[in-house]
Amino acid sequence: RSSERRRRDWHRAYLRSVMERDAREISSAERLDRLPDLFGLLAARAGQLLNWSALGNDARLDGKTVDRYVRLLEQLYLVRRVPAWSGNQTQRLVSTPKLHFVDSGLLATTLNLATAQLALDRSPLGSALESFVFGELAKAAAVADDELMISHYRDKDQVEVDFVIENGAGLVLGIEVKASSSVQASDFRGLRRLKDRVGSRFAQGIVLYDGKYVLPFGEKLNAAPISVLWV
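Below is the structure:
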């Protein structure tokens, strides 16, 4: 078997173990047999705003049950809610959290993303790549000397920034993730909006992309290879 097949098999076995054993050890909630189906529905919504009503309808569960199950999946370190950034400026900002998978490999397996498929169509890669970046940022934040808050930015005009990292002093770093080997000025729209909103507290805006070079796009705005996360 190929290493990719072995990896997928391991992910599936791990998920079965977590769903069938670990979940029941820490929760007495009813209908835990629906957890795998809900996990699959969440995978299809990775990186999106959480809509409890729509999710409940698709899962055939009420909103409170869905919320309880998502909290359980968070306890199992499978998913994590990313709150909306407010910066004490709630006007014209969306307050709905997003959901990301802690392990992008589990997400890719759940979505049945294969290398051969992605070679033909890279569009499904976006959510998995965002969750991968989130996982790396969360690990870095956990060991940082400063207390770092990870959130996302979205305003009423639907202008977004994938990740906003704010330190205890209020300095803000914006990160946008792009599953492409090229970057355009338009990819910085959300980061420019965030920069204008926070003013002097804006430290840097970065578009992470699938390329090789660090590229300048204006004051405090740069594109950088995703590989900067591990080098």
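Here the sequence shown is numbered in UniProt numbering, starting from 1 and rising by one per residue.
Virtual Cβ for every residue (Gly too), placed ideally from N, Cα, C.
Minimum Cα-Cα distance from Glu147 among the listed residues Phe101, Arg154, Lys139 corresponds to Lys139. Spanning the alpha carbons of Ser104 and Lys178 requires a straight line of approximately 15 angstroms. Val18 and Ala203 have their C-alpha atoms some 40 angstroms from each other.
Assigned with DSSP and collapsed to three states, Glu160 falls in strand. Under the DSSP assignment, Val214 falls outside any beta strand (DSSP E); it carries neither an H nor an E label. Annotation: the region 118 to 202 contains the following complete segments of the beta strand (DSSP E) (minimum length 3 residues), in chain order: 149 to 154, 160 to 166, 172 to 178. Contact between the region 58 to 75 and the region 169 to 188 is absent, with fewer than three C-beta pairs closer than 8 angstroms. Annotation for Asn222: the continuous beta strand (DSSP E) segment containing it runs 221 to 225. Remark: fewer than three beta-carbon pairs, one from each stretch, lie closer than 8 angstroms, so the region 122 to 136 and the region 193 to 201 are not flagged as touching.
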